[in-house]
Amino acid sequence: MTLYEVMNVSRSASQQDIERAYQIAQLSYSKDSLAHYTLINEEQREKMLQEIKEAYRVLIDPEKRKEYDLRISKQKSEVYHNSYFRNSTEKLFIEDGDKGITKVIRNIKGTFSSSRPKKSDP
Amino acid sequence: MNPKQTRSNPVVSERQNRTRTIWAVGGGKGGTGKSFVTANLALCLSKKNKEVTLIDADLGGANLHTFLGMKKSDLDIGDFLTKKVPSLKDVAVPTRYNKLRLVKGSDHLLFTANLNYFKKLKLLRHIKTFDSDVVIIDIGTGSTYNSIDFFLLSNPGILVINPEPTSIENAYYFLKSCIIRLLKLYIDHYQIQDLIKKVTEQINDNSRSVYSFLSEIISQDKYYADLLFRALKKFKPGLIINKARHEKDFMLGESISNVVQKILVINLDYMGAIPFNEIVHESVKNLTPVMDKYPDSDVGKAILSIASRLTEK
Numbered sequence: 028m029t030l031y032e033v034m035n036v037s038r039s040a041s042q043q044d045i046e047r048a049y050q051i052a053q054l055s056y057s058k059d060s061l062a063h064y065t066l067i068n069e070e071q072r073e074k075m076l077q078e079i080k081e082a083y084r085v086l087i088d089p090e091k092r093k094e095y096d097l098r099i100s101k102q103k104s105e106v107y108h109n110s111y112f113r114n115s116t117e118k119l120f121i122e123d124g125d126k127g128i129t130k131v132i133r134n135i136k137g138t139f140s141s142s143r144p145k146k147s148d149p
Numbered sequence: 006m007n008p009k010q011t012r013s014n015p016v017v018s019e020r021q022n023r024t025r026t027i028w029a030v031g032g033g034k035g036g037t038g039k040s041f042v043t044a045n046l047a048l049c050l051s052k053k054n055k056e057v058t059l060i061d062a063d064l065g066g067a068n069l070h071t072f073l074g075m076k077k078s079d080l081d082i083g084d085f086l087t088k089k090v091p092s093l094k095d096v097a098v099p100t101r102y103n104k105l106r107l108v109k110g111s112d113h114l115l116f117t118a119n120l121n122y123f124k125k126l127k128l129l130r131h132i133k134t135f136d137s138d139v140v141i142i143d144i145g146t147g148s149t150y151n152s153i154d155f156f157l158l159s160n161p162g163i164l165v166i167n168p169e170p171t172s173i174e175n176a177y178y179f180l181k182s183c184i185i186r187l188l189k190l191y192i193d194h195y196q197i198q199d200l201i202k203k204v205t206e207q208i209n210d211n212s213r214s215v216y217s218f219l220s221e222i223i224s225q226d227k228y229y230a231d232l233l234f235r236a237l238k239k240f241k242p243g244l245i246i247n248k249a250r251h252e253k254d255f256m257l258g259e260s261i262s263n264v265v266q267k268i269l270v271i272n273l274d275y276m277g278a279i280p281f282n283e284i285v286h287e288s289v290k291n292l293t294p295v296m297d298k299y300p301d302s303d304v305g306k307a308i309l310s311i312a313s314r315l316t317e318k
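Going down the list, the sequences are from chains A and B. Basically this note's numbering = 1-based index in the first sequence + 27. Basically this note's numbering = 1-based index in the second sequence + 5.
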């Protein structure tokens, strides 16, 4: 995940956009915010706040941002997905006891065990 | 046949030839004000000279008619679903408001609470035949296949939540269910069960994240990983906060949108907040929508603003 993705801003975001995104992110991941309720645990919340602070520190500084932009533009485009998916938030989805994706996987496995293909709708 | 080249998008294929705007209002938890918002958004649009049809698809808890000051009539959506009438238009009745029609909900629970996929598609086909600028479907509570499918097939699906933990928890459960349903539709449509089987065998049971699921697919097949990722990105529901009392309630929508984009991958478009006001309670008791009796109230203005944002979306 790029620092821009961490901050939820586009690559062309202005300083003002970054400031605003930082305020929203801080508010979103504050301890008493309802926005992350059931989606992440306390440890993950703190980690995300740290990542946001680090992203802000780089992107708000024109020199550091320029260096960072140069660095990521050199990376191969195919790295994009790997960097996006294999990031620190990788395991955040459905880790609150909701076995949603496991259920899908089980359904899919169930489809394989069937001798006849199932309809797309259960 | 190379499925990578020949198969169309499974959700988009259902949306092809759409000539009408279809919104579906849902959100998981009961009592958040979905029907109130639906009725008032519809009235707001009809006052702006739009032809609007409301469909009460809250199959099992229908009362949209009450929000518009109407009583149950002989015909409702159940009569169409049970083939008593050939067309959905046959059960669309005029309301007391110009340019606003309503398909009333049904209490034929046995026939309507669990629609099969083909009945849902038939219903959708008929919905598309309405000569309306906007069709708004109230999909009711819960995360049933009915509500999820209507939500996925509309453009956009609109979540109505309250600034309360229980409401947010249910909304997130609903969104996760939509994401899972969407992935399953794509997997079935593109017949990539073999790939998914291979991937799922390699995923640790403790690793239940969609990110880990997708990243494992990347290692096997970048094309399909990209396809599933894009499918999630195309799913762009809207969000309305209802019964906002405090300043932080009005700011919550933007925070939720921010968190959802990062954690659930999808883009949740915040449409606005409707303030808590006793006039809502009064208007429901008096069987008169707020947009009829109090259009200039803070609630009325908020609904007008949301309607404008939605029509621009």
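Glycine included, every Cβ here is placed at the ideal spot set by N, Cα and C. From a predicted model like this one, the values you see are computed outputs, not experimental measurements.
Considering residue i, what are the terminal residues of the alpha helix (DSSP H) in which it resides?
i: Y2 of chain B; result: This structure leaves residue 2 of chain B out entirely; chain B is present only between 6 and 318.
i: K52 of chain B; result: 39-52
i: T316 of chain B; result: 303-317
i: R98 of chain A; result: 89-101
i: A82 of chain A; result: 69-86
i: V90 of chain B; result: Per DSSP, V90 of chain B belongs to no alpha helix (DSSP H) and is neither H nor E.
i: D254 of chain B; result: 252-268
i: V96 of chain B; result: Run containing V96 of chain B: none; DSSP gives neither H nor E here.
i: L120 of chain B; result: Neither: L120 of chain B is in no alpha helix (DSSP H) and is coded neither H nor E.
First and last residue of the beta strand (DSSP E) that includes residue i?
i: Y228 of chain B; result: Taken as a continuous stretch (DSSP letters only), Y228 of chain B belongs to no beta strand (DSSP E), being part of the alpha helix (DSSP H) at 227-239.
i: P58 of chain B; result: One point to set straight first is that residue 58 of chain B is Thr, not Pro, in the sequence displayed. Looking at the DSSP string, the run of the beta strand (DSSP E) that includes T58 of chain B is 57-61.
i: V36 of chain A; result: Unbroken run through V36 of chain A: none, as it is neither H nor E.
i: L157 of chain B; result: Where L157 of chain B is concerned, there is no enclosing beta strand (DSSP E), although the alpha helix (DSSP H) it sits in stretches over 150-158.
i: G243 of chain B; result: 243-249
i: P280 of chain B; result: 274-280
i: G31 of chain B; result: 26-31
i: V108 of chain B; result: 105-108
i: I166 of chain B; result: 162-166
i: V140 of chain B; result: 139-143
Report yes if the CB atom of residue i is closer than 8 Å to the CB atom of residue j, and no otherwise.
i: Y56 of chain A; j: M75 of chain A; result: yes
i: D303 of chain B; j: N282 of chain B; result: yes
i: G66 of chain B; j: K248 of chain B; result: no
i: L158 of chain B; j: G243 of chain B; result: no
i: W28 of chain B; j: I163 of chain B; result: yes
i: A52 of chain A; j: I79 of chain A; result: yes
i: I308 of chain B; j: N45 of chain B; result: yes
i: Y64 of chain A; j: E174 of chain B; result: yes
i: K93 of chain A; j: V85 of chain A; result: no
i: D274 of chain B; j: K238 of chain B; result: no
i: L93 of chain B; j: K124 of chain B; result: no
i: V204 of chain B; j: I192 of chain B; result: no
i: S260 of chain B; j: L54 of chain A; result: yes
i: P168 of chain B; j: K318 of chain B; result: no
i: S288 of chain B; j: Y299 of chain B; result: yes
i: D81 of chain B; j: G36 of chain B; result: no
i: K34 of chain B; j: S172 of chain B; result: yes
Could you give the C-beta distance for residue i and residue j, rounded to a whole number, given that I count them as a contact under 8 Å?
i: P170 of chain B; j: L61 of chain A; result: 6 Å
i: V96 of chain B; j: V108 of chain B; result: 6 Å
i: L66 of chain A; j: Y177 of chain B; result: 6 Å
i: G324 of chain B; j: I166 of chain B; result: Not covered by the structure: residue 324 of chain B. The range shown for chain B is 6 to 318.
i: A278 of chain B; j: F255 of chain B; result: 5 Å
i: R186 of chain B; j: I132 of chain B; result: With a Cβ gap of about 19 Å, R186 of chain B and I132 of chain B do not count as contacting.
i: I100 of chain B; j: M75 of chain B; result: Sequence inspection shows Thr at residue 100 of chain B; the Ile mentioned does not correspond to that position. Indeed, because the Cβ distance is near 6 Å, the residues count as touching under 8 Å.
i: F41 of chain B; j: V285 of chain B; result: 6 Å
i: Y31 of chain A; j: R38 of chain A; result: 6 Å
List, in order along the chain, the chain A residues whose C-beta lies closer than 7 Å to that of residue i?
i: I132 of chain B; result: Per Cβ cutoff of 7 Å: no residues; I132 of chain B is ~18 Å from chain A at best.
i: I173 of chain B; result: L61, Y64
Mind pulling the chain A residues with CB within less than 9 Å of residue i?
i: P170 of chain B; result: L61, Y64, T65
i: I141 of chain B; result: In chain order: nothing, as chain A lies at least about 24 Å away.
i: I27 of chain B; result: Within chain A, no residue comes near I27 of chain B; the closest Cβ sits about 19 Å away, beyond 9 Å.
Which residues in chain B sit within 8 Å of residue i, going by Cβ to Cβ distance?
i: A150 of chain A; result: The structure shown does not extend to residue 150 of chain A, since chain A spans only 28 to 149, so no value can be given for it.
In chain A, which residues lie less than 8 Å from residue i when you measure between Cβ atoms?
i: Y195 of chain B; result: None at all; the shortest Cβ gap to chain A is about 11 Å.
i: Y177 of chain B; result: Y64, T65, L66
What residues of chain B sit near residue i, judged by a beta carbon separation below 7 Å?
i: S55 of chain A; result: S260, N263, V264
Does the ligand MN have even one heavy atom less than 7 Å from the beta-carbon of residue i?
i: E283 of chain B; result: The ligand MN is absent from the structure shown, which contains no ligands of any kind.
Taking three-plus beta-carbon pairs below 8 Å as touching, is the segment 41-61 of chain B in contact with the segment 135-143 of chain B? Yes, the segment 41-61 of chain B touches the segment 135-143 of chain B.
Give the residues from the segment 250-261 of chain B that approach chain D closer than 7 Å (Cβ to any Cβ), ordered along the chain. No chain D is present in this structure, whose protein chains are A and B.
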